[in-house]
Amino acid sequence: MSPVPEIHIFSDPQDLASKAADLFLSSAEQAIAASNRFLVGLSGGTTPKTLYSILTSSSYARRLDWSKVQFLFGDERCVPPSHPDSNFAMVNETLFTPLKIPSTQIHRMRGEDPPQTAASQYEDTLRRLSAPAPGEWPVLDLILLGMGNDGHTASLFPGTTSLNEQTRWVVPNLAPQGTRSRLTLTLGVINHASVVLFLVTGPNKAHVVRQVIERQPMDPVLYPVELVQPQSGRLLWYLDRAAASQLSVSAKDESSR
Ligand code: 6PG
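Residue 219 in our numbering is what sits at position 236 of the sequence shown, and the numbering runs on without skipping anything.
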């Protein structure tokens, strides 16, 4: 039975990002105390940029031994690492370079390689870093996820076979628009993480947020984000007021704090 999602609503994207940075640090501290390392899967897109920027600020950066952090990615576009569409390029600019993270701690998906090759190589990376027992899924300490207004997350898009993948940890996939060729962690990996944190802002996602959080029986569409149901880890939704604007239940509104 997957845990009940923890819904947190913040007044604006900046407040959301600062609370997400607090959660990032607390998750890291717990993981490092338990196993002397922190395996984190980073999200691409635009929403997490503010979070990454806050983590590099002196008041946050000094609170963590960054040498214990291994940085992974939830998905990548099949482009070179210097391409403007590359998730690695965005995180490198906003997080890795400012924090001077050594390349040995950065594990990007090789978007420049043939997708199947890159997917298999990334599974090898995951296996090396997480060292799961034979037949077990890798366990990341924290996975950051965004959500598109079509309900996709990572590069798990509606109607794609990636949603039914039961054994592979990383698969190539096709996005409906933009840089179509992608690489993505599968739901098996995401749902075995210790903490899954969705960061969702803006009014254009409010309709999907309502369905996901308050799924009505008659709702015919099942969005990919609804398949994120951690086996035993925590599932948190960090929403700004705009993204939560169609929710009818009284979720945990942090904006008053
Ligand atoms: C990507 C992300 C993708 C993103 C959502 C939301 O590669 O773009 O993995 O899943 O999180 O599309 O994107 P925004 O944060 O830009 O709205």
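Beta carbons are placed, not taken as given, at the ideal position from N, Cα and C, and that holds for glycine.
Buried versus exposed call for Gly129 [16 or more other C-beta atoms within 10 Å across all chains shown] | Looking at its Cβ environment, which holds 16 or more other Cβ atoms inside 10 Å, Gly129 is buried.
Would you kindly work out how many angstroms separate the C-alpha atoms of Arg240 and Gly216, rounded to a whole number?
-> Note on Arg240: pLDDT 47, under 50, position unreliable in the model; the coordinate value appears next. Looking at the backbone, the Cα of Arg240 and that of Gly216 are separated by about 26 Å.
Reference Ser18, options Gln53, Ile89, Ala4, Asp223, closest by Cα | When only C-alpha atoms are compared, the closest one is Gln53.
With respect to the alpha helix (DSSP H) encompassing Val191, which residues constitute its N-terminal and C-terminal limits?
-> Counted as a single uninterrupted DSSP element, the alpha helix (DSSP H) harbouring Val191 occupies residues 189 to 196.
Could you give the distance in angstroms between the alpha-carbon of Pro98 and the alpha-carbon of Thr136?
-> Put simply, the backbone Cα of Pro98 is about 19 Å away from that of Thr136.
Buried or exposed by the 16-neighbour rule on C-beta atoms within 10 Å, applied to Asn187 = So Asn187 ends up on the exposed side.
How many angstroms separate the CA atom of Ser9 from the CA atom of Leu166?
-> Ser9 and Leu166: Cα-Cα distance of roughly 29 Å.
Span separating the alpha-carbon of Arg163 from that of Thr30 = Linking Arg163 to Thr30 through their CA atoms gives a straight-line distance of about 20 Å.
Between Leu168, Ala11, Ser177, Val211, which lies nearest to Arg91 when the distance is taken from Cα to Cα?
-> For the residues Leu168, Ala11, Ser177, Val211, the minimum Cα distance to Arg91 belongs to Leu168.
What did DSSP end up calling Glu(-11) once you bin it into helix, strand or coil?
-> Strand at Glu(-11).
Any idea if Met73 is buried or exposed, counting beta-carbon neighbours within 10 angstroms, 16 or more meaning buried?
-> Within a 10 Å sphere around the beta-carbon of Met73 sit 16 or more other beta-carbons, which makes this residue buried.
Length of the line joining the Cα atoms of Thr100 and Asn156 | Between Thr100 and Asn156, the C-alpha separation is close to 13 Å.
If you drop the 5 nearest sequence neighbours on each side, which residues of the same chain put their C-beta closer than 6 Å to that of Gln194?
-> Contacts found: Asp202.
Would you check if there are 3 or more beta carbon pairs closer than 8 Å linking the segment 204 to 222 to the segment 50 to 65?
-> With a cut-off of 8 Å, the segment 50 to 65 and the segment 204 to 222 do not count as touching, because too few Cβ pairs lie within range.
List the residues that DSSP assigns as beta-bridge partners of Pro159.
-> Partner(s): none; Pro159 has no beta bridge.
So who's on the other strand from Ile84, going by DSSP bridges?
-> Ile84 is not bridged to any residue.
Other residues of its chain near Gln242: CB distance less than 7 Å, five sequence neighbours each side excluded = Residue 242 cannot be examined here, being either before or after the span of the chain that is shown, -16 to 240.
Sequence-distant residues of the same chain with beta carbon closer than 6 Å to Ala14, five excluded per side = Only residues of its own chain outside the window of five on either side were considered, and among them Phe21, Asp124 have a CB closer than 6 Å to the CB of Ala14, listed in chain order.
DSSP state of Leu123, grouped into three classes?
-> Leu123: coil per DSSP, three-state reduction.
Please go through the same chain and pick out, in chain order, the residues whose beta-carbon is closer than 7 Å to the beta-carbon of Leu78, but skip the five residues on each side of it.
-> Tyr35, Leu38, Thr39.
What residue range is occupied by the uninterrupted alpha helix (DSSP H) comprising Arg165?
-> Where Arg165 is concerned, there is no enclosing alpha helix (DSSP H), although the beta strand (DSSP E) it sits in stretches over 164 to 168.
For Trp220, which beta-bridge partners are listed by DSSP?
-> According to DSSP, Trp220 bridges with Ile(-10), Phe181.
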